[in-house]
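Visitor: Residue numbers (the numbering used here): 125 to 269.
Every residue, glycine too, gets a C-beta built ideally from N, C-alpha and C.
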(Lines of atoms letter the chains of each structure in order from A and count residues from 1; the text may use other names and numbers.)
(Lines give C-alpha, C1' and ligand atoms only; values in the text may rest on other atoms or scores of the structure.)
Protein backbone atom coordinates (compact mmCIF):
# COMPACT_ATOMS: atom_id res chain seq x y z
CA UNK A 1 0.00 0.00 0.00
CA UNK A 2 1.42 3.34 -1.09
CA UNK A 3 0.83 6.60 0.73
CA UNK A 4 -1.05 8.95 -1.58
CA UNK A 5 0.95 12.14 -1.08
CA UNK A 6 4.40 10.57 -1.18
CA UNK A 7 3.63 8.47 -4.25
CA UNK A 8 2.04 11.45 -6.03
CA UNK A 9 5.03 13.71 -5.36
CA UNK A 10 7.50 11.11 -6.69
CA UNK A 11 5.32 10.53 -9.76
CA UNK A 12 5.03 14.29 -10.39
CA UNK A 13 8.83 14.50 -10.35
CA UNK A 14 9.08 11.58 -12.83
CA UNK A 15 6.55 13.24 -15.14
CA UNK A 16 8.50 16.50 -15.12
CA UNK A 17 11.64 14.54 -16.07
CA UNK A 18 9.80 13.38 -19.21
CA UNK A 19 8.98 9.80 -18.20
CA UNK A 20 5.68 8.08 -19.00
CA UNK A 21 4.04 6.77 -15.82
CA UNK A 22 1.19 4.27 -15.52
CA UNK A 23 -0.37 3.72 -12.10
CA UNK A 24 -2.42 0.56 -11.45
CA UNK A 25 -4.47 -0.50 -8.40
CA UNK A 26 -4.97 3.15 -7.49
CA UNK A 27 -7.90 2.20 -5.23
CA UNK A 28 -5.38 0.62 -2.82
CA UNK A 29 -3.45 3.88 -2.25
CA UNK A 30 -3.87 5.11 1.32
CA UNK A 31 -4.42 8.40 3.11
CA UNK A 32 -3.19 8.32 6.70
CA UNK A 33 -5.34 9.71 9.49
CA UNK A 34 -8.58 8.97 11.27
CA UNK A 35 -11.40 8.01 8.92
CA UNK A 36 -13.85 10.61 10.19
CA UNK A 37 -11.23 13.37 9.84
CA UNK A 38 -10.40 12.32 6.27
CA UNK A 39 -14.09 12.14 5.32
CA UNK A 40 -14.81 15.49 6.96
CA UNK A 41 -11.97 17.15 5.00
CA UNK A 42 -12.97 15.70 1.61
CA UNK A 43 -16.70 16.34 2.15
CA UNK A 44 -15.82 19.96 2.94
CA UNK A 45 -13.83 20.21 -0.31
CA UNK A 46 -16.77 18.80 -2.27
CA UNK A 47 -19.37 21.08 -0.67
CA UNK A 48 -17.49 24.37 -1.24
CA UNK A 49 -19.48 27.05 -3.02
CA UNK A 50 -18.17 29.25 -5.81
CA UNK A 51 -16.25 32.27 -4.48
CA UNK A 52 -17.77 34.72 -6.95
CA UNK A 53 -21.40 33.82 -6.37
CA UNK A 54 -22.95 31.06 -4.23
CA UNK A 55 -25.65 30.72 -6.91
CA UNK A 56 -23.11 29.13 -9.26
CA UNK A 57 -23.11 25.96 -7.19
CA UNK A 58 -20.32 23.86 -5.77
CA UNK A 59 -16.72 23.99 -6.92
CA UNK A 60 -15.78 20.81 -8.82
CA UNK A 61 -13.75 18.25 -6.87
CA UNK A 62 -13.09 14.61 -7.88
CA UNK A 63 -14.88 11.73 -6.14
CA UNK A 64 -13.59 8.62 -7.94
CA UNK A 65 -10.25 7.08 -6.83
CA UNK A 66 -8.53 7.43 -10.21
CA UNK A 67 -9.57 11.08 -10.49
CA UNK A 68 -8.57 11.80 -6.88
CA UNK A 69 -5.10 10.42 -7.60
CA UNK A 70 -4.77 12.29 -10.90
CA UNK A 71 -5.90 15.54 -9.22
CA UNK A 72 -3.38 15.03 -6.39
CA UNK A 73 -0.56 14.68 -8.92
CA UNK A 74 -1.89 17.66 -10.90
CA UNK A 75 -1.76 19.90 -7.81
CA UNK A 76 1.94 18.98 -7.38
CA UNK A 77 2.91 20.13 -10.87
CA UNK A 78 4.02 23.71 -11.67
CA UNK A 79 1.10 25.52 -13.31
CA UNK A 80 2.85 28.76 -14.24
CA UNK A 81 4.04 27.36 -17.59
CA UNK A 82 3.08 24.71 -20.15
CA UNK A 83 5.14 21.93 -18.55
CA UNK A 84 2.24 20.72 -16.41
CA UNK A 85 0.00 20.01 -19.42
CA UNK A 86 2.70 17.99 -21.15
CA UNK A 87 3.53 16.14 -17.93
CA UNK A 88 -0.10 15.29 -17.16
CA UNK A 89 -0.55 13.80 -20.64
CA UNK A 90 2.15 11.25 -19.75
CA UNK A 91 0.19 9.99 -16.70
CA UNK A 92 -2.22 7.06 -16.95
CA UNK A 93 -4.19 5.94 -13.88
CA UNK A 94 -6.22 2.72 -13.58
CA UNK A 95 -8.42 1.11 -10.95
CA UNK A 96 -7.27 -2.50 -10.84
CA UNK A 97 -4.88 -3.90 -13.45
CA UNK A 98 -5.91 -3.76 -17.13
CA UNK A 99 -5.44 -6.98 -19.12
CA UNK A 100 -2.79 -5.50 -21.39
CA UNK A 101 -0.67 -4.56 -18.33
CA UNK A 102 -0.93 -7.86 -16.42
CA UNK A 103 2.29 -9.26 -17.91
CA UNK A 104 4.28 -6.05 -17.45
CA UNK A 105 6.71 -5.87 -14.53
CA UNK A 106 5.53 -3.37 -11.92
CA UNK A 107 7.77 -0.95 -10.05
CA UNK A 108 7.25 0.04 -6.42
CA UNK A 109 8.07 3.44 -4.93
CA UNK A 110 9.91 2.25 -1.81
CA UNK A 111 9.72 5.41 0.29
CA UNK A 112 5.95 5.70 -0.29
CA UNK A 113 5.11 2.19 0.96
CA UNK A 114 3.53 1.77 4.41
CA UNK A 115 5.90 -0.82 5.85
CA UNK A 116 4.77 -1.08 9.45
CA UNK A 117 1.33 -0.47 10.96
CA UNK A 118 3.00 1.28 13.93
CA UNK A 119 4.46 4.77 14.12
CA UNK A 120 7.81 5.55 15.77
CA UNK A 121 6.00 6.31 19.03
CA UNK A 122 4.30 2.90 18.96
CA UNK A 123 0.82 4.11 18.02
CA UNK A 124 -1.21 2.32 15.36
CA UNK A 125 -1.24 4.19 12.05
CA UNK A 126 -4.83 4.75 10.96
CA UNK A 127 -5.58 5.07 7.28
CA UNK A 128 -8.25 4.93 4.61
CA UNK A 129 -7.85 3.65 1.06
CA UNK A 130 -8.85 5.68 -1.99
CA UNK A 131 -11.39 2.95 -2.83
CA UNK A 132 -13.10 3.38 0.56
CA UNK A 133 -12.98 7.16 0.21
CA UNK A 134 -14.50 6.96 -3.28
CA UNK A 135 -17.36 4.79 -1.99
CA UNK A 136 -18.08 7.28 0.79
CA UNK A 137 -17.93 10.34 -1.47
CA UNK A 138 -20.20 8.82 -4.12
CA UNK A 139 -22.73 7.55 -1.59
CA UNK A 140 -21.80 3.87 -1.98
CA UNK A 141 -22.27 3.80 -5.75
CA UNK A 142 -18.69 2.60 -6.34
CA UNK A 143 -17.72 -0.96 -5.47
CA UNK A 144 -14.15 -2.20 -5.66
CA UNK A 145 -13.10 -5.75 -4.90
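State the beta-bridge partners of residue 200 as determined by DSSP.
Guide: In the DSSP output, where bridge partners are listed per residue, residue 200 has none listed.
Visitor: How is the beta strand (DSSP E) around residue 209 delimited, first residue to last?
Guide: Segment 207 to 213 is the alpha helix (DSSP H) holding residue 209; no beta strand (DSSP E) there.
Visitor: Check each candidate in 138, 142, 146 and name the one with the smallest Cα separation from residue 220.
Guide: Of 138, 142, 146, the residue nearest in Cα terms is 146.
Visitor: First and last residue of the beta strand (DSSP E) that includes residue 166?
Guide: It is not in any beta strand (DSSP E) - residue 166 instead sits in the alpha helix (DSSP H) that spans 159 to 171.
Visitor: Do residue 169 and residue 185 have their C-beta atoms within less than 8 Å of each other?
Guide: Yes, the Cβ-Cβ distance between residue 169 and residue 185 is below 8 Å.
Visitor: Is residue 252 helix, strand or coil by DSSP?
Guide: It is a strand residue.
Visitor: Out of 245, 140, 263, 127, which has the shortest C-alpha to C-alpha gap to residue 213?
Guide: If we check each option's Cα against that of residue 213, 140 comes out closest.
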